[in-house]
Structures are given as structure tokens and as C-alpha cells.
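Peer 1: Start counting the sequence shown at 1; every next residue gets the next number (UniProt numbering).
Built from N, CA and C at the ideal position, the CB exists for glycine as well.
Since this is a predicted model, take the numbers as computed values, not measurements.
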Amino acid sequence: MRAGLMKVRRFQDAKPYEAPNHFDMKGLRLQGFEEGGPETFWTGLSHFLPGGGAGPDSSPLEKVYVVVAGEVTVRAQGEEVVLGPLDSVCIGGNVVREVVNASNTVASMIVIMPYPEKPA
């Protein structure tokens, strides 16, 4: 992305995506994986139904979660925290994590991650 340019994505134009090892979740890609978008990271919005979640699993990439509605429980290598609206967590690379919506309402969370490394 050239300096000084803005890449606007209207919410109604966000495209759905499938995330591996996620269940009862619908994801929307807000930015990234396209020409003219961010060069080093992508941003998604995950909507978890009650009982929905992700993992447990890990990836070599660090990630940031920001809850925007509802609550999610995040477990990572023996630690557990419940995040509510505007709470965030950073999870390092290769950390086994699990995300669960243990409530009876839909939980929505922004996900910010670097792009996967390209094979050499």
C-alpha cells in the first residue's frame, strides 16, 4: 500500500472466510489478502454463536483479539480469561489457545494477525 493512500472497506462489502478448527463461527475479512490492502497483517471479524469457538490449536503467528460484543473465554497454556466488550488479548506465536463463547448470546471479536510466511 503506497504511503498516503487509504483503503476503505465498507462493512457491507466484507467477504466471508472459513477459519480452520473453528466451529459455530462466521468470519468476515475486514482488511487484507488483497491488492492495495495492508502489507504485513490482515483483520477479521469473528461472530461466535453460543457454544461456538476455536481450537485448541496453535500457529507460528502472534495474534490480537478485541471483543466488540458479548463475552469470550480464552484459554492459553493453563491460563484462562473472560473478555468482554473492548477487552483485548495478545497471544504469542506457537501458543496453544482455545476460544469459547460460553454465554447464550452471540459474541463478536476482531482478529488482527500477520500474514502467514511464504515458503522459501
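State the beta-bridge partners of L30 as determined by DSSP.
Peer 2: Residue mapping note: residue 30 aligns to position 30 of the sequence shown, counting from 1. None; L30 has no bridge partner.
Peer 1: Measure how close the beta-carbons of T43 and L30 come, nearest whole angstrom, since I'm counting them as under 8 Å.
Peer 2: Within the sequence shown, numbered from 1, the residue matching residue 43 stands at position 43. Within the sequence shown, numbered from 1, the residue matching residue 30 stands at position 30. Going by Cβ atoms, the distance from T43 to L30 rounds to 5 Å, so yes, they are a contact pair.
Peer 1: Hey, could you find the ends of the beta strand (DSSP E) V96 is sitting in?
Peer 2: Taking the sequence shown and counting its residues from 1, the one referred to as residue 96 is at position 96. Counting along the chain, V96 falls outside any beta strand (DSSP E), and DSSP gives it neither H nor E.
Peer 1: Pick out whichever of Y65, S103 and V96 has its Cα sitting closest to the Cα of L86.
Peer 2: Numbered from 1 along the sequence shown, position 86 holds the residue referred to as residue 86. Nearest option by C-alpha distance: Y65.
Peer 1: When you compare only the Cα positions, how much space is there between L5 and E35?
Peer 2: In the sequence shown, residue 5 corresponds to position 5, counting from 1. In the sequence shown, residue 35 corresponds to position 35, counting from 1. Using only the alpha carbons, I get a separation of about 13 Å.
Peer 1: Leaving out the 5 sequence neighbours to the left and right, which residues in its chain are closer than 8 Å to L96 when beta-carbon positions are compared?
Peer 2: What you label residue 96 is simply residue 96 of the sequence shown in a count that begins at 1. At residue 96 the sequence reads Val, which differs from the Leu that was named. Cβ within range, chain order: G55, P56, D57, S58, A76 and Q77.
Peer 1: Count the other C-beta atoms from every protein chain shown that fall within 10 angstroms of the C-beta of A107, then say buried if there are 16 or more, exposed otherwise.
Peer 2: Counting from one through the sequence shown, the residue named residue 107 turns up at place 107. It counts as buried.
Peer 1: Over what stretch of residues does the beta strand (DSSP E) that includes K118 continue unbroken?
Peer 2: Here residue 118 refers to the residue found at position 118 of the sequence shown. Segment: none, K118 is in no beta strand (DSSP E) and carries neither H nor E.
Peer 1: Just the C-alpha distance for S46 and Y17, rounded to the nearest angstrom, thanks.
Peer 2: For the purposes of this step, residue 46 is taken as residue 46 along the sequence shown, with counting starting at 1. For the purposes of this step, residue 17 is taken as residue 17 along the sequence shown, with counting starting at 1. Distance between the alpha carbons of S46 and Y17 is about 10 Å.
Peer 1: Classify V67: buried if its beta carbon has 16 or more other beta carbons within 10 angstroms, exposed otherwise.
Peer 2: Mapped onto the sequence shown, residue 67 falls at position 67. Flag for V67 reads buried.
Peer 1: Do V72 and V99 have their C-beta atoms closer together than 8 Å?
Peer 2: Numbered from its first residue, the sequence shown carries residue 72 at position 72. Numbered from its first residue, the sequence shown carries residue 99 at position 99. Cβ distance < 8 Å, so V72 and V99 count as in contact.
Peer 1: Which residue comes first and which comes last in the beta strand (DSSP E) that contains A69?
Peer 2: Taking the first residue of the sequence shown as position 1, residue 69 is located at position 69. Taken as a continuous stretch (DSSP letters only), the beta strand (DSSP E) holding A69 covers K63 to A69.
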